[in-house]
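Chain order of the listed sequences is Z, S and E. Each residue of the first sequence is one higher than the last, beginning at 5 in my numbering. Each residue of the second sequence is one higher than the last, beginning at 3 in my numbering. Each residue of the third sequence is one higher than the last, beginning at 84 in my numbering.
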Amino acid sequence: MNATAIVFYALAGLACASAFMVIWSRNVMHSALYLVPTFLSVAAIYVMLRAEFVAAVQVLVYAGGILVLFLFVIMLVNVKAVQGARLRLHGAVSGSIGAASIALLLSVYGRGRILAAAPDGGKLTEFGGNLETVGWVLYNEYLLPFEIASLFLLVAMVGAIVLARHKA
Amino acid sequence: MTAAFDPNQLRLISPEIVLTVSAFLLLGLSAIDESARRIWAPALSLLACGATLMAVLAFPLRLGWDALRVPDSTIGFSGMFFLDAFAIYFKIVFLLSAILTILVSGRYLDLERSNSGEYYALVLFATVGMMFLASAGDFVTIFIALETMALSFYVLVGYLKTNRKSNEASLKYFLLGSFSSAILVYGISLIYATCNTTNLGLIGFARHKVGLAEGQEPIFLLGIILLLVGLAFKIAAVPFHMWAPDAYEGAPTPITAFLATGSKAAAFVVLARVFSFAFLRLGDRWTMLVVILAAASMTWGNVAAILQDNVKRMLAYSSIAHAGYVLLGLVAMGAGDSVEVREFGLQAIILYVLIYTFVTTGTFAMVILLRQEQMAGDRVADFAGLAARAPWSAFAMLVFLLSLAGIPATAGFIGKWYLFGAAIRAHYAWLAVVAVLNSAVSLYYYARIVVMMYMKAPAREERLVSSLGQQIAIGACIAFTIVFGIYPQPIIAFAQRSILALAPWAS
Amino acid sequence: MPVPASHILVFSLVLFAIGMLGVLTRRNVLIILMSIELMMNAANINFVAFSRQLNNIGGQVFSVFTIVVAAGEVAVGLAIVLALFRNRDTVMVDEVHIMRG
Numbered sequence: 005m006n007a008t009a010i011v012f013y014a015l016a017g018l019a020c021a022s023a024f025m026v027i028w029s030r031n032v033m034h035s036a037l038y039l040v041p042t043f044l045s046v047a048a049i050y051v052m053l054r055a056e057f058v059a060a061v062q063v064l065v066y067a068g069g070i071l072v073l074f075l076f077v078i079m080l081v082n083v084k085a086v087q088g089a090r091l092r093l094h095g096a097v098s099g100s101i102g103a104a105s106i107a108l109l110l111s112v113y114g115r116g117r118i119l120a121a122a123p124d125g126g127k128l129t130e131f132g133g134n135l136e137t138v139g140w141v142l143y144n145e146y147l148l149p150f151e152i153a154s155l156f157l158l159v160a161m162v163g164a165i166v167l168a169r170h171k172a
Numbered sequence: 003m004t005a006a007f008d009p010n011q012l013r014l015i016s017p018e019i020v021l022t023v024s025a026f027l028l029l030g031l032s033a034i035d036e037s038a039r040r041i042w043a044p045a046l047s048l049l050a051c052g053a054t055l056m057a058v059l060a061f062p063l064r065l066g067w068d069a070l071r072v073p074d075s076t077i078g079f080s081g082m083f084f085l086d087a088f089a090i091y092f093k094i095v096f097l098l099s100a101i102l103t104i105l106v107s108g109r110y111l112d113l114e115r116s117n118s119g120e121y122y123a124l125v126l127f128a129t130v131g132m133m134f135l136a137s138a139g140d141f142v143t144i145f146i147a148l149e150t151m152a153l154s155f156y157v158l159v160g161y162l163k164t165n166r167k168s169n170e171a172s173l174k175y176f177l178l179g180s181f182s183s184a185i186l187v188y189g190i191s192l193i194y195a196t197c198n199t200t201n202l203g204l205i206g207f208a209r210h211k212v213g214l215a216e217g218q219e220p221i222f223l224l225g226i227i228l229l230l231v232g233l234a235f236k237i238a239a240v241p242f243h244m245w246a247p248d249a250y251e252g253a254p255t256p257i258t259a260f261l262a263t264g265s266k267a268a269a270f271v272v273l274a275r276v277f278s279f280a281f282l283r284l285g286d287r288w289t290m291l292v293v294i295l296a297a298a299s300m301t302w303g304n305v306a307a308i309l310q311d312n313v314k315r316m317l318a319y320s321s322i323a324h325a326g327y328v329l330l331g332l333v334a335m336g337a338g339d340s341v342e343v344r345e346f347g348l349q350a351i352i353l354y355v356l357i358y359t360f361v362t363t364g365t366f367a368m369v370i371l372l373r374q375e376q377m378a379g380d381r382v383a384d385f386a387g388l389a390a391r392a393p394w395s396a397f398a399m400l401v402f403l404l405s406l407a408g409i410p411a412t413a414g415f416i417g418k419w420y421l422f423g424a425a426i427r428a429h430y431a432w433l434a435v436v437a438v439l440n441s442a443v444s445l446y447y448y449a450r451i452v453v454m455m456y457m458k459a460p461a462r463e464e465r466l467v468s469s470l471g472q473q474i475a476i477g478a479c480i481a482f483t484i485v486f487g488i489y490p491q492p493i494i495a496f497a498q499r500s501i502l503a504l505a506p507w508a509s
Numbered sequence: 084m085p086v087p088a089s090h091i092l093v094f095s096l097v098l099f100a101i102g103m104l105g106v107l108t109r110r111n112v113l114i115i116l117m118s119i120e121l122m123m124n125a126a127n128i129n130f131v132a133f134s135r136q137l138n139n140i141g142g143q144v145f146s147v148f149t150i151v152v153a154a155g156e157v158a159v160g161l162a163i164v165l166a167l168f169r170n171r172d173t174v175m176v177d178e179v180h181i182m183r184g
C-alpha cells in the first residue's frame with residue numbers, strides 16, 4: 005500500500021465519519037458544519053481521480069454556495085426551534101427499512117464485478133488538460149443538456165424568489 | 003476530434019425555443035405591468051402554447067409521419083435529442099394539457115388572490131421541461147429535463163403562499179421528489195459504470211451486441227432497479243406514492259390537474275423510452291417488478307380512494323390506481339414474446355395517456371368550477387344537488403366519472419380495453435382480471451359523487467359562476483370524451499402511427 | 084490510482100446509505116435536505132471514479148450536471164422551508180400535518 009492509497013482511505017474515512025455526524029448531531033447548525041469536511045474530502049478525492057474541474061466546481065458550489073445558503077436559512081429560522089429529538093418510533097421503523105435495503109445493496113455489490121480498467125488512452129485529457137477536455141465536450145456533445153441546465157437555473161431562481169418574497 | 007456545433011440543429015428544437023422565449027417575455031412583462039396582468043398573462047401564454055403547437059405540427063406536415071420513424075433522420079445534438087413521431091405525439095399531449103390548465107387557472111387564481119405572471123411563466127417552463135423529456139435520448143438530457151419540470155412543479159404546488167395546505171403540499175412533494183431524484187441519479191451512475199455510456203441507444207445496442215461481462219449483471223440490474231424506483235416516485239406508484247395525496251390536495255387545483263396529467267405523462271415517456279431503447283433485451287428481469295408495482299398501485303389506490311371525503315384526495319388515489327393500469331402496458335412491453343405484442347403494449351400506454359389527460363383535466367375542472375367566492379368546493383358533500391343547481395355541469399361530471407371508471411361509450415373504456423388487452427396478450431391474464439376487479443371497486447366511489455349530485459338536495463341555492471376559459475376547457479374535455487368514446491378510430495390510428503420505431507434488436 | 088475501483092464503489096455506497104438513513108429517520112427538514120445532498124454526492128463519486136476507470140469523460144460531465152441540479156434544488160427547497168416557517172413556525176416534518184387520510 006503506497007502513500008496515495010493511504011491518503012484515499014483517510015479521506016474516504018473522514019468523509020464518511022463527518023457525513024454520519026451530519027445525520028447524527030442534534031443541533032442543525034452542527035450538521036451543516038459537518039458537511040464541510042465531507043464536501044472537501046470528496047473534492048480531494050476528485051483531484052486524485054484526475055477530475056480537477058469537478059473538484060473545483062464541488063468546492064465552489066457545495067462549500068461556497070449550498071452551505072452558505074443552509075447557514076443563512078438556519079439563522080433566519082430560529083435555531084431553538086430547529087433542535088429536536090434524534091429518533092422517533094416512525095423514524096426507527098423507516099430507518100430499519102432503509103437499513104435492510106442497504107444490506108441488500110451491499111450484498112449485490114459483494115457479488116458483482118465492474119468493468120476492468122480501460123487502458124489509459126488519454127481520453128480524459130484529450131484536448132489538453134482536464135479543464136479543456138470537459139469544456140470541449142460540454143460545448144459539443146453536451147450542448148443541449150447544457151442549455152437546458154441554464155433554463156433549470158432560471159427556473160430555480162424565479163421559483164425561489166416567488167416563494168420567498170414577502171408580499172403576494 | 004468531434005465535429006463543431008451545427009446551427010442547423012437548432013431547427014429541431016424550434017418548438018421549445020418558441021415556448022422558452024414566450025416564457026421570458028411573460029416574466030419580463032409581469033415585472034413592468036402589474037395592473038392588467040390577469041387579462042393578458044393567460045392570453046399570452048395560450049398564444050405561446052398555440053404557436054408552439056403549430057411549430058410541433060410543422061414537422062410531420064413537412065416531412066410526413068413515415069420520415070419521422072426512420073431513426074437516422076430524427077437524431078440531433080450527438081444523440082441527445084430524438085425528434086421521432088413518438089416524441090411529437092407526447093409534445094402534443096403536453097401542450098394540450100398545458101392549454102387546458104391555463105384555461106381553468108384564471109378564475110381560480112382570482113378567487114385565491116394569487117393571479118400573477120410568474121404562475122403562467124412557470125407553467126410554460128414546466129411544459130418546456132416535459133417537451134425536452136419527450137425527446138431525450140440520453141440520461142443526461144432525461145435527468146436535467148426531468149428536474150426542470152419537477153422544480154417548476156415544486157414552486158407551483160406551493161404557489162398559494164399564505165395557504166398552509168399549499169405550503170405543506172409543496173414541502174412534502176419537494177422532499178420526496180428530490181429524494182427520488184437522488185435515487186434516480188445513483189441508479190444512472192451504476193448503469194454508466196457497467197455500460198461506459200449514458201446514451202440510451204448505445205446502452206441497448208451494447209447489451210444486445212456484447213452482453214454483460216461476467217459478474218457485471220448484479221450492478222447493472224441494481225442500476226435498473228434504482229432507476230425504476232426513482233421513476234415510480236414520479237408516477238406515484240404504490241409503494242412510492244406517499245406524497246401524491248397531500249400534494250394533490252394542497253396544490254392549487256389547476257396545478258393538481260397539471261400534475262396528474264402532464265407530469266405523470268412525462269414520467270411515462272421516460273419509462274417507455276428508457277425501457278424500450280435501453281433495457282428491452284432484459285425484459286424478463288424487470289417485468290416482475292413492474293407487475294408488482296402495477297398490482298399494488300391498482301389495488302391500494304382504489305381501496306384508499308373509497309375512504310376519502312375530499313374530492314381532490316379521492317382523485318389523487320384514483321390517479322395512483324390509473325398509474326397502475328398504465329403500467330400494464332409496460333408489462334406487455336417487457337413480457338411480450340413478439341414485436342407485435344411489445345408494440346401493442348406501447349400503443350396502449352400512449353393511447354391511455356392521451357385519453358387520461360382530457361378526462362382527468364375535465365374532472366378537476368369541475369372541482370375548480372365548484373370553487374366559488376364562499377365555498378372551497380373540494381369536499382364530496384359540496385357536490386350535493388348539483389343536478390338541480392346546474393344540470394349541464396352535473397352531466398359533464400357524470401360523463402367524466404363514467405369515463406374514469408371505464409364504462410363503454412366513453413373514451414376511458416377504449417384506453418382500458420387496450421391496456422387490459424395488452425396484459426392478456428403478454429400472458430398476464432390474471433393481472434388483467436385484477437385490473438377489471440379494481441375498475442369495479444372504483445365504480446363505488448365514483449358513484450358516491452353521482453349519488454350526491456343527483457339524489458341529494460342542494461345545500462346552497464346560488465348559481466355557479468364560471469369563466470369563459472372554464473367553459474371552453476370543460477366543453478373540449480367532454481367533447482373529446484364522448485366523441486372518441488363512440489368513434490375512437492382517429493386517436494387509435496394516431497397512437498399507432500406514433501409508437502416508437504423499436505430498434506431491430508427489440509425482438 | 085492505486086486503489087481498486089470496487090473500494091471507491093463501496094465508499095460511495097456508504098455515503099449513499101448514510102444519506103438515505105438521514106432522509107428516512109430524521110424529522111428536521113434541513114437535515115433531510117442535507118442528507119439528500121449526501122446522496123447526490125455519492126452518485127457523483129461513482130461518476131467521477133468510473134470516468135477514470137473507463138477512460139471516458141462523460142462521467143465527469145454528468146457529475147457537473149448533478150451539482151447544478153443539487154444547487155437548484157437546495158435554492159428552491161430552502162425557499163419552501165422559509166415560506167412554511169413564516170406560516171407555521173416549524174421546520175419539523177411531523178409537525179406539518181393538517182391533511183390526513
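The beta carbon of each residue, even a glycine, is placed where N, CA and C say it ideally should be.
**Study point:** Close Cβ partners of threonine 54/S (< 7 Å) along its chain, the five nearest in sequence each way excluded
**Key:** Pro17, Val20, Leu21, Leu97
Review point. Nearest-angstrom Cα distance between valine 305/S and aspartate 248/S?
Key: 17 Å
Point to revise | the stretch 21-44 of chain S: positions lying closer than 8 Å to chain Z by Cβ | key: Thr22, Leu29
Review point. If the cut is a Cβ gap below 7 Å, which residues of chain Z does glycine 160/S touch?
Key: Leu167
Review point. Can you round the beta-carbon distance between glycine 179/S and threonine 150/S to whole angstroms, since I take them to be within the 8 Å contact cut?
Key: Not a contact, Cβ separation roughly 13 Å.
**Study point:** CA-to-CA distance, phenylalanine 131/Z to phenylalanine 242/S, given in whole angstroms
**Key:** 44 Å
Review point. Are the beta-carbon atoms of glycine 119/S and alanine 43/S separated by less than 7 Å?
Key: yes
Practice item. Find out if the Cβ-Cβ distance for the pair threonine 129/S, alanine 147/S is shorter than 7 Å. Key: no
Review point. Helix or strand or just coil, what does DSSP make of alanine 138/S?
Key: strand
Check your understanding: When the Cα of glycine 141/E is compared with those of Asn144/Z, Val162/Z, Gly69/Z, which residue comes out closest?
Key -> Asn144/Z
Point to revise | Bounding residues of the alpha helix (DSSP H) (the contiguous stretch that carries valine 401/S) | key: 393-407
Exercise for review: Would you grab the beta carbon distance between methionine 122/E and tyrosine 188/S for me? Rounded to a whole angstrom, and I think it's under 8 Å.
Suggested key: 7 Å
Exercise for review: Hey, could you find the ends of the alpha helix (DSSP H) alanine 48/Z is sitting in?
Suggested key: 32-52
Practice item. Return the chain-ordered list of same chain residues with a C-beta closer than 8 Å to the C-beta of proline 506/S, the five sequence neighbours on each side being excluded. Key: The pLDDT assigned to proline 506/S is 48, lower than 50, so where the model puts this residue is not dependable; a value taken from the coordinates is nonetheless given after this. Excluding positions up to five away in sequence, the list is empty.
Check your understanding: threonine 483/S to alanine 367/S, Cα distance in whole Å?
Key -> 14 Å
Review point. What are the residues of the stretch 139-152 of chain S that lie near chain Z, defined by any Cβ-Cβ distance shorter than 7 Å?
Key: Val142, Thr143, Ile146, Ala147, Glu149, Thr150
Check your understanding: Quick one: is valine 147/E near chain Z, going by C-beta distance under 7 Å?
Key -> yes
Practice item. Select from the stretch 177-196 of chain S all residues with a C-beta closer than 8 Å to any C-beta belonging to chain E, and list them in chain order. Key: Leu177, Ser180, Phe181, Ser183, Ala184, Ile185, Val187, Tyr188, Ile190, Ser191, Leu192, Tyr194, Ala195
**Study point:** Separation of leucine 202/S from phenylalanine 83/S, as counted between CA atoms
**Key:** 11 Å
**Study point:** Backbone secondary structure at glycine 78/S - three-state DSSP
**Key:** strand
**Study point:** 7 Å Cβ cut-off: residues of chain S touching phenylalanine 156/Z
**Key:** Ile146, Glu149, Thr150, Leu153
**Study point:** Closest Cα partner of isoleucine 474/S within the set Asn440/S, Ser395/S, Ala239/S
**Key:** Ser395/S
Review point. With a cut-off of 7 Å, does the C-beta of asparagine 129/E fall near any C-beta of chain Z?
Key: no
Check your understanding: Got a sec, what are the start and stop residues for the alpha helix (DSSP H) tryptophan 140/Z sits in?
Key -> 134-143
Practice item. Pick helix, strand or coil for glutamine 136/E, following the three-state DSSP scheme. Key: helix
Check your understanding: Listing by chain order, which chain S residues have their CB less than 9 Å from the CB of alanine 125/E?
Key -> Ala184, Tyr188, Ser191
Check your understanding: Are asparagine 117/S and methionine 300/S touching if we call contact CB-CB under 7 Å?
Key -> no
Point to revise | Partner residues on chain S for arginine 171/E, Cβ-Cβ distance less than 9 Å | key: Arg166, Asn169, Glu170
Check your understanding: Can you give the beta carbon distance from valine 133/E to alanine 195/S, rounded, assuming they're within the 8 Å contact cut?
Key -> The residue asked about is misnamed: residue 133/E is phenylalanine in this sequence, not valine. The pair is a contact, with the Cβ atoms about 5 Å apart (cut-off 8 Å).
Exercise for review: Could you have a look at phenylalanine 242/S and say whether DSSP puts it in helix, strand or coil?
Suggested key: coil
Check your understanding: Which chain S residues sit within Cβ distance under 7 Å of alanine 166/E?
Key -> Gly160, Lys163, Asn169
Review point. Should serine 185/E be flagged as near chain Z, meaning a C-beta pair shorter than 7 Å?
Key: Any question about residue 185/E goes unanswered here, given that chain E covers just 84 to 184.
Exercise for review: Report yes if the CB atom of serine 265/S is closer than 7 Å to the CB atom of phenylalanine 415/S, and no otherwise.
Suggested key: no
Review point. Would you call valine 58/Z buried or exposed, if buried means 16 or more other Cβ atoms sit within 10 Å of its Cβ?
Key: buried
Exercise for review: Tell me whether glutamine 473/S sits in a helix, a strand or coil according to DSSP, three-state version.
Suggested key: helix
**Study point:** 8 Å CB neighbourhood of arginine 90/Z in its chain, flanking five on each side removed
**Key:** Any reading at arginine 90/Z must be qualified, since the residue scores a pLDDT of 49, below 50, and its modelled position is unreliable; no value is offered.
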